[in-house]
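If you read the protein sequences in the order shown, they are chains A, B, C and D.
In this text, residue positions in the first sequence follow my numbering: the first is 1, and each later residue adds one.
In this text, residue positions in the second sequence follow my numbering: the first is 1, and each later residue adds one.
In this text, residue positions in the third sequence follow my numbering: the first is 1, and each later residue adds one.
In this text, residue positions in the fourth sequence follow my numbering: the first is 1, and each later residue adds one.
All C-beta atoms in this analysis are idealised placements derived from N, C-alpha and C, irrespective of residue type, glycine included.
Computed from a prediction, not measured in an experiment: that's the story for all the values here.
Protein chains: 4
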Amino acid sequence: MPGNTFGKIFKITTWGESHGPGVGVVIDGCPPRIPLEAKDIQALLDRRRPGGSPASTTRREPDQAVIMSGVFEGRTTGTPILIMVHNKDASAKAYEPLADVFRPGHGDITYMAKYGIRDWRGGGRASARETVARVAAGAVAGILLEKEKVAVRAYTIELGGVQAAERRLEVIDQNMFYCPDDPAAQEMERRVRSVRRKGDSIGGVVEVLARGVPRGLGDPVFDKLDADLAGALMGIGAVKGVEIGSGFQAPRMLGSENNDQITPRGFLSNNAGGILAGISNGDDIVIRVAVKPIPSILIEQQTIDLKGNPRKISIRGRHDVAAIPRINVVCEAMVNLVLADHLLRQKAIQ
Amino acid sequence: MPGNTFGKIFKITTWGESHGPGVGVVIDGCPPRIPLEAKDIQALLDRRRPGGSPASTTRREPDQAVIMSGVFEGRTTGTPILIMVHNKDASAKAYEPLADVFRPGHGDITYMAKYGIRDWRGGGRASARETVARVAAGAVAGILLEKEKVAVRAYTIELGGVQAAERRLEVIDQNMFYCPDDPAAQEMERRVRSVRRKGDSIGGVVEVLARGVPRGLGDPVFDKLDADLAGALMGIGAVKGVEIGSGFQAPRMLGSENNDQITPRGFLSNNAGGILAGISNGDDIVIRVAVKPIPSILIEQQTIDLKGNPRKISIRGRHDVAAIPRINVVCEAMVNLVLADHLLRQKAIQ
Amino acid sequence: MPGNTFGKIFKITTWGESHGPGVGVVIDGCPPRIPLEAKDIQALLDRRRPGGSPASTTRREPDQAVIMSGVFEGRTTGTPILIMVHNKDASAKAYEPLADVFRPGHGDITYMAKYGIRDWRGGGRASARETVARVAAGAVAGILLEKEKVAVRAYTIELGGVQAAERRLEVIDQNMFYCPDDPAAQEMERRVRSVRRKGDSIGGVVEVLARGVPRGLGDPVFDKLDADLAGALMGIGAVKGVEIGSGFQAPRMLGSENNDQITPRGFLSNNAGGILAGISNGDDIVIRVAVKPIPSILIEQQTIDLKGNPRKISIRGRHDVAAIPRINVVCEAMVNLVLADHLLRQKAIQ
Amino acid sequence: MPGNTFGKIFKITTWGESHGPGVGVVIDGCPPRIPLEAKDIQALLDRRRPGGSPASTTRREPDQAVIMSGVFEGRTTGTPILIMVHNKDASAKAYEPLADVFRPGHGDITYMAKYGIRDWRGGGRASARETVARVAAGAVAGILLEKEKVAVRAYTIELGGVQAAERRLEVIDQNMFYCPDDPAAQEMERRVRSVRRKGDSIGGVVEVLARGVPRGLGDPVFDKLDADLAGALMGIGAVKGVEIGSGFQAPRMLGSENNDQITPRGFLSNNAGGILAGISNGDDIVIRVAVKPIPSILIEQQTIDLKGNPRKISIRGRHDVAAIPRINVVCEAMVNLVLADHLLRQKAIQ
């Protein structure tokens, strides 16, 4: 069944495979008369692009966004916006040796189970390249949010076991891991280089902070804001957990500790993570996302081939050592999409 | 905007407030000719009902399920099934002192921000009583799953800081917390009684295990099985985090540790939690849910009233000390609903 | 697959069979703080009820609307509104002789083909009684429309071949057929009595007029306002055709005749029927609906039984001779629902 | 709000403007392993293309379909299929004189009312060029239908007042109007030439016949097969009416005439048009669609400009005289889409 559409009012549908002609998105429901140019999208795409950090693949994609519809004379018209990115450096050849084998930790085996066919070139639709379309759409959502003074930012608070001790947001663009703790970022870099040498990979934790979200967003009881955010983020490849506010610490707190008491000047704490009963409460929205290690590793692993025979696999080629930091902008994009959708949803009942 | 519908093929819409005439659900999309009687629903409703454990409220609700449509001569007809539960012990009076004040940790303040009106009787729609409808629908979903040999079970692995050391599923129905570790359950009971005496409350962690899920369920890239499960569970009141498989431990593992290697006899481990690239891989699906402490506590807290004036609040009345164990069956119900929906979704492409 | 939900923002889900315990609707997405009482719904239900005209069945249903949720102290709260009508005069006994036979012109044979089971008591879900829920929901939609000065009215312009020569809207409540031409209404009455005596039945044409619809409603290219109206009206049992504005006359006109020329004071004609390119143009919306004769007739017909054997059938019992005039308020309800939904949809992009 | 998505399981989203870079569609939900090549789509696109008849514009578009995703080694993979057609002969210049004026009978005035901005180049999104995407998607749906032995065909039964007296389906590809009555087609041609000389335009009636549709398709009560077909067809630009089976003749028939009596060998007539109670009955589905005259005419008309001042307008340029015969394949495509979607929907409950 279809599963490539996200959002109800600001509604996107993505398409495209890793090594096909391109990837892209249709945005349907973007309000009219919003200034929009390809370069507004490019900035975020550039942050997703490989090459910025030692953790990244050496695949080189210019990832040039092309707007095919829905924009006239620099403004949205209210009609569907098709944004497309052509695949340039798509050498499927590297994947040929893997064509008849299932890579552990990848969707190869489940795509085959589900569809009875799979595009084995670089993971096909299951590739992280699919997130190009999410980021492009998230960039447009970000323009809507900016108009409403909502700012969303994702940053790395843990990588390969190295944790950020601080939340100095002003430094996150000054290191290659978008980490709010510079010394930790340096430690992360050492960790990445060491793991790469061993042919292994690592994971981490990304925190997403949304500031300025107006009170009242979220539609109980199934389209709660936290439910939609959790679904949006868990749907990113490599994500294995999502928590909001006090999250997995909440089970160890007493009600008297976890409750955010209320005063005329606001809440005394933010264990709620900005969301109460599924509706934004005006405070910062704080979410953390657990990112698993990249499954493509050089270290030899056991697996099977298409016929079920045992095989050994050692994955060479151009792979990231960690999904972080490239996944950060994808997390931002998904949060942007949820918030923009709920902003528009709320208008309908006002 | 509407937010009370869940699922795409096995699709439910819930309604009802804590202290109105009743709560219920319409199930649209249930296949025809499934044997269904009110008593099939009753068993799960009874597990959700207060009174089973020292952690529970003393509110007494018979919670009798009534089927109003969609069933003829004991079998579903393929038309919408309305299940209704009348509210009996709905003494709104106890809530009158709270009518003009916002309870910390509750949706009072956000419902007012969103709708400009709220039903203050027992939380109205934001009450945990809303989950009666989820459980009723989940019971019907469970019948579909049973036909396909899928079994879903939720159990308590942590309560008030007390952790289960074991996963002895055979004992979970032998203690009042549905805990797979009997000695831990006894410790949990002591913890609950101690906290109740202090007028405080606690949270915990529920694990949900789904066995027998066929390979191939889940619709990438936005309706991935894990994304839908995460959204479904995070949308339950009191849930602050959801993790799948290795979850928040994954960031501390190497790729070579976290990958589940594949052999002709199956996977060598289950860090994936039964889902790869958003599609079930045939292994057990394992999910953990962080449950915050019940926000209604006797201990005095700061808050404000409708006019924004500071107030003190101390909540008396009939409240649970912990959402666990009553929330467990709600978690099961939500997982049932996601799995039943995806089972039917998958049929459409086969 | 589910098919009992209508609308995207003002979203309804109906349920219930002709001879089960009752019928009803959940409205999800109704804005908060709208004054609503059961009596607001009752007025329209009374117009749908049998007994008003010689064309109607003698089944006696009080059709008392009960609001079970979503309203607090006389105003909507923004949460789902469940409206229920209990079936009182549901004597399934009359249908027993028909339990193993397919009535020509009815859904008996197709429900069996689709679901492999059917509730034969009075048509079950395929009964016109299902429209009680549409009318109840349409009444609530009507309250939203009234606030925006939109008025929707359906009236009979043809019955059993007798056509209304005039459109005197002020007389439509003065005759039992809601006909805008009193002498025609008298002729219709004679026609109905004559057909009833022969054990046969008749059809007619209903026109629906929506005044005051603001410009700009409708979402091209698939959720055009006329597309949604056509789908909504064709989905009423007994409707075989829908036309808008010049409708089936348009094919016989020249472009120079059919185009509505534009002046600073408005359009010079209304062949568009108030909708251009799927978007309301501010003019009256005018729709006509072809209603087939009631299929339940006393005259003997050929049919088959469940086993495929030939049978003769002559339907006794309490049936209308014509769906008109009872269907008129159902047409109004469906137009109300489409317009209310699109009014709210438009807010989201403004 | 978004309105460019059609279907629930075989789900399409279209995009593109008349004079932008291109038009296209994403198909999400197409089953995997279906053989698909660009040339399968091309055949239908060619039938939609201008130039085939004297009624058509002289705009020359090669309309070459490009498949950008979802197909691997000649078969669908179950992932989204993006089909794109570049606009080649897009001379926006011809529209510049019309940029500040509203063309009567067009969506210019309503798009401006709705969005506050419009792409005036050739109608932008409101152009009939949008239907390229529908036809491309309909071609893919047609492949699914063919596998199930369902055949859909649209033909002209009336043009400019000239009616087809016969339904000789074998001749419809032998005349330029897809008319099942050759002599009528010749008369239609004369009519078209005469109207073109006068600078005027004409409309007509298209009949769509679907053969081999299995019994049981359609989801009561709102997603009935006839409701979905009516919505799908009324949503095509220029369509003002839709009728099924006896349609607007039903109101003039008695129940005993209009009912299709049932025998062991099938129905004795087909006034139902193949659909009973919203569900296909296995008989031919027969639908007729009223098509208005093309609104772009040379004959001078009154209109207003953007500022509301009166203007005269006489539309030159490359316009069809009639939407027929080019609209026929669009009608086929929409019927294909509805039927393919319902075929897949039905699988989910079987």
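Problem set entry | Through-space distance from A227 (chain A) to L344 (chain C), alpha-carbon basis | Numbered from 1 along the third sequence, position 344 holds the residue referred to as residue 344 (chain C). Numbered from 1 along the first sequence, position 227 holds the residue referred to as residue 227 (chain A). Whole-angstrom Cα-Cα distance: 24 Å.
Exercise. Quick one, which residues of the stretch 26-42 of chain B are near chain D if we go by CB-CB under 7 Å, in chain order?
Worked result: Residues of the stretch 26-42 of chain B that bring their beta carbon within less than 7 Å of a beta carbon in chain D comprise P31 and P32, in sequence order.
For this session: Measure from the alpha carbon of G204 (chain B) to the alpha carbon of each residue in B:G247, B:I157 and B:K88, then state which is nearest.
Result: Counting from 1 along the second sequence, the entry for residue 204 (chain B) is found at position 204. If we check each option's Cα against that of G204 (chain B), B:I157 comes out closest.
Problem set entry | Opening and closing residue of the alpha helix (DSSP H) in which Q183 (chain C) lies | For the purposes of this step, residue 183 (chain C) is taken as residue 183 along the third sequence, with counting starting at 1. The amino acid occupying residue 183 (chain C) in the given sequence is Pro; Gln does not appear at that position. In the DSSP annotation of this structure, the continuous segment of the alpha helix (DSSP H) that includes P183 (chain C) starts and ends at D182 to R197.
Exercise. When DSSP labels each residue in this structure, what does D108 (chain B) get in the three-state scheme?
Worked result: Locating residue 108 (chain B) in the second sequence gives position 108, where the first residue counts as 1. Reduced to three states, the DSSP call for D108 (chain B) is helix.
Problem set entry | F267 (chain C) (DSSP reduced to helix, strand or coil) | As a first step, residue 267 (chain C) must be located in the third sequence, where it is residue number 267. Correct three-state label for F267 (chain C): strand.
Exercise. Given a limit of 7 Å on CB to CB distance, which residues of the stretch 161-195 of chain D reach chain A?
Worked result: Residues: none.
For this session: Please decide whether I313 (chain C) counts as near chain B, where near means a Cβ-Cβ distance under 8 Å.
Result: Here residue 313 (chain C) refers to the residue found at position 313 of the third sequence. No, I313 (chain C) lies away from the interface with chain B (no Cβ there is under 8 Å from its Cβ).
Exercise. Which first and last residues belong to the beta strand (DSSP E) in which L254 (chain A) is found?
Worked result: Residue mapping note: residue 254 (chain A) aligns to position 254 of the first sequence, counting from 1. For L254 (chain A), there is no enclosing beta strand (DSSP E), since its DSSP letter is neither H nor E.
For this session: Under 9 Å between beta-carbons, which chain B residues line up against K68 (chain A)? List them in chain order, please.
Result: Your numbering for residue 68 (chain A) matches position 68 in the first sequence. Contrary to the premise, residue 68 (chain A) reads as Met rather than Lys in this sequence. The premise fails here: M68 (chain A) is roughly 21 Å from chain B at the closest Cβ pair, so nothing lies under 9 Å.
Exercise. By Cβ distance below 7 Å, which residues in the same chain neighbour D219 (chain A) in space, the five residues on each side in sequence not counted?
Worked result: For this step, residue 219 (chain A) is matched to residue 219 along the first sequence. Listed in chain order, the non-local C-beta contacts of D219 (chain A) below 7 Å within the same chain comprise R345, local neighbours out to five positions each way being set aside.
Exercise. Name the residues in the stretch 4-22 of chain C whose C-beta lies less than 9 Å from a C-beta of chain B; which are they?
Worked result: Residues passing the 9 Å Cβ filter: N4, T5, G7, K8, I9, F10, K11, T13, T14, W15, G16, E17, G20, P21 and G22.
Problem set entry | Reference R311 (chain A); option with closest CA among B:I287, B:T263 and B:N281 | Start at 1 with the first residue of the first sequence, and residue 311 (chain A) comes out as number 311. Its Cα nearest to that of R311 (chain A), the residue B:T263 stands out among B:I287, B:T263 and B:N281.
Exercise. Under 8 Å Cβ-Cβ, which residues of chain A neighbour A141 (chain C)?
Worked result: For the purposes of this step, residue 141 (chain C) is taken as residue 141 along the third sequence, with counting starting at 1. Within chain A, not a single residue places a beta-carbon under 8 Å from that of A141 (chain C); the smallest gap is close to 14 Å.
Exercise. Under 8 Å Cβ-Cβ, which residues of chain B neighbour L344 (chain D)?
Worked result: Here residue 344 (chain D) refers to the residue found at position 344 of the fourth sequence. Around L344 (chain D), the beta-carbon contacts reaching into chain B at under 8 Å are A348 and I349.
Exercise. Looking at C-alpha atoms only, which residue of A:A113, A:V140, A:G237 and A:A210 is the closest neighbour of L225 (chain A)?
Worked result: Counted from its first residue, the first sequence places residue 225 (chain A) at position 225. Selection A:A113, A:V140, A:G237 and A:A210 evaluated against L225 (chain A) yields A:A210 as nearest (Cα-Cα).
Exercise. Looking only at C-alpha atoms, which of D:R103, D:G245 and D:D182 sits nearest to E170 (chain D)?
Worked result: Position 170 of the fourth sequence, counted from the start, is the residue given in the question as residue 170 (chain D). Nearest C-alpha to E170 (chain D): D:D182.
For this session: Since I believe G16 (chain C) is in contact with S69 (chain B) (beta carbons under 8 Å), could you give me their beta-carbon distance rounded to a whole number of angstroms?
Result: Residue 69 (chain B) sits at position 69 when you count from the first residue of the second sequence. Residue 16 (chain C) sits at position 16 when you count from the first residue of the third sequence. Separation of the CB atoms of S69 (chain B) and G16 (chain C) is rounded to 5 Å, and the pair is thereby assigned contact status at 8 Å.
Exercise. Which residue or residues does DSSP assign as beta-bridge partners of P80 (chain A)?
Worked result: Locating residue 80 (chain A) in the first sequence gives position 80, where the first residue counts as 1. Within the DSSP secondary-structure output, P80 (chain A) pairs in no beta bridge.
For this session: Provide the residue span of the alpha helix (DSSP H) that contains K88 (chain C), from first to last.
Result: Counting from 1 along the third sequence, the entry for residue 88 (chain C) is found at position 88. Segment: none, K88 (chain C) is in no alpha helix (DSSP H) and carries neither H nor E.
Exercise. Looking at C-alpha atoms only, which residue of B:T79, B:G122 and B:P31 is the closest neighbour of P92 (chain B)?
Worked result: Your numbering for residue 92 (chain B) matches position 92 in the second sequence. Here the sequence assigns Ala to residue 92 (chain B), which means Pro is not the residue at that position. Measuring C-alpha to C-alpha distances from A92 (chain B) to each of B:T79, B:G122 and B:P31 identifies B:G122 as the nearest.
Exercise. So, P54 (chain C) versus V192 (chain C), is the Cβ gap smaller than 8 Å?
Worked result: As a working note, residue 54 (chain C) is residue 54 in the third sequence. As a working note, residue 192 (chain C) is residue 192 in the third sequence. By the CB criterion at 8 Å, P54 (chain C) and V192 (chain C) fall inside the cutoff.
Exercise. Can you check whether the CB of I294 (chain C) is closer than 8 Å to the CB of T131 (chain C)?
Worked result: As a first step, residue 131 (chain C) must be located in the third sequence, where it is residue number 131. As a first step, residue 294 (chain C) must be located in the third sequence, where it is residue number 294. For T131 (chain C) and I294 (chain C), no; Cβs fall outside 8 Å.
For this session: Could you tell me which of B:R118, B:K114 and B:R75 sits nearest to Y95 (chain B), measuring between CA atoms?
Result: Residue mapping note: residue 95 (chain B) aligns to position 95 of the second sequence, counting from 1. Nearest C-alpha to Y95 (chain B): B:R118.
For this session: Count the other C-beta atoms from every protein chain shown that fall within 10 angstroms of the C-beta of Q174 (chain D), then say buried if there are 16 or more, exposed otherwise.
Result: Against the fourth sequence, residue 174 (chain D) aligns to sequence position 174. By the neighbour-count rule (16 or more Cβ atoms within 10 Å), Q174 (chain D) is not buried but exposed.
For this session: Check each candidate in D:E257, D:F10 and D:T5 and name the one with the smallest Cα separation from L339 (chain D).
Result: The sequence position of residue 339 (chain D) within the fourth sequence is 339, counting from 1. From the listed residues D:E257, D:F10 and D:T5, the smallest Cα separation to L339 (chain D) is found for D:F10.
For this session: Taking the CB atoms as reference points, tell me whether V140 (chain D) and I41 (chain D) lie closer together than 8 Å.
Result: Numbered from 1 along the fourth sequence, position 140 holds the residue referred to as residue 140 (chain D). Numbered from 1 along the fourth sequence, position 41 holds the residue referred to as residue 41 (chain D). For V140 (chain D) and I41 (chain D), yes; Cβs fall inside 8 Å.
For this session: Note down, in chain order, all residues in the stretch 192-218 of chain D with a beta-carbon under 7 Å from any beta-carbon belonging to chain B.
Result: Of all residues in the stretch 192-218 of chain D, none has a Cβ within less than 7 Å of some Cβ in chain B.
Exercise. At what residues does the beta strand (DSSP E) containing R48 (chain B) begin and finish?
Worked result: Counting from one through the second sequence, the residue named residue 48 (chain B) turns up at place 48. R48 (chain B): not part of any beta strand (DSSP E); member of the alpha helix (DSSP H) spanning A38 to R48, first to last residue.
Problem set entry | Alpha-carbon spacing of M176 (chain C) relative to F6 (chain C), whole angstroms | Position 176 of the third sequence holds residue 176 (chain C). Position 6 of the third sequence holds residue 6 (chain C). Whole-angstrom Cα-Cα distance: 30 Å.
Exercise. Is the beta carbon of I299 (chain B) sitting closer than 8 Å to the one on I285 (chain B)?
Worked result: Taking the second sequence and counting its residues from 1, one reaches residue 299 (chain B) at position 299. Taking the second sequence and counting its residues from 1, one reaches residue 285 (chain B) at position 285. It is not a contact, given that the beta carbons lie outside the stated cut-off.
Problem set entry | Identity of the residues DSSP links to A210 (chain A) by a beta bridge | As a working mapping, residue 210 (chain A) is identified with position 210 in the first sequence. Beta bridge pairing from DSSP links A210 (chain A) with A:V152 and A:I285.
For this session: Following the continuous beta strand (DSSP E) through G22 (chain B), name the residue where it begins and the one where it ends.
Result: Counting from 1 along the second sequence, the entry for residue 22 (chain B) is found at position 22. First-last of the beta strand (DSSP E) with G22 (chain B): G22 to D28.
Exercise. Quick one: Cα of I67 (chain C) to Cα of G24 (chain C), how far?
Worked result: The count along the third sequence starts at 1 and reaches residue 67 (chain C) at position 67. The count along the third sequence starts at 1 and reaches residue 24 (chain C) at position 24. Rounded to the nearest whole angstrom, the C-alpha separation of I67 (chain C) and G24 (chain C) is 10 Å.
Exercise. Which value, in whole angstroms, describes the spacing of the CA atoms of D260 (chain A) and Q302 (chain B)?
Worked result: Mapped onto the first sequence, residue 260 (chain A) falls at position 260. Mapped onto the second sequence, residue 302 (chain B) falls at position 302. Near 9 Å, if we compare the C-alpha coordinates of Q302 (chain B) and D260 (chain A).
Problem set entry | Option nearest M234 (chain D) by Cα separation, candidates D:G245, D:K88 and D:C331 | One-based indexing of the fourth sequence puts residue 234 (chain D) at position 234. Nearest of D:G245, D:K88 and D:C331 to M234 (chain D), Cα basis: D:C331.
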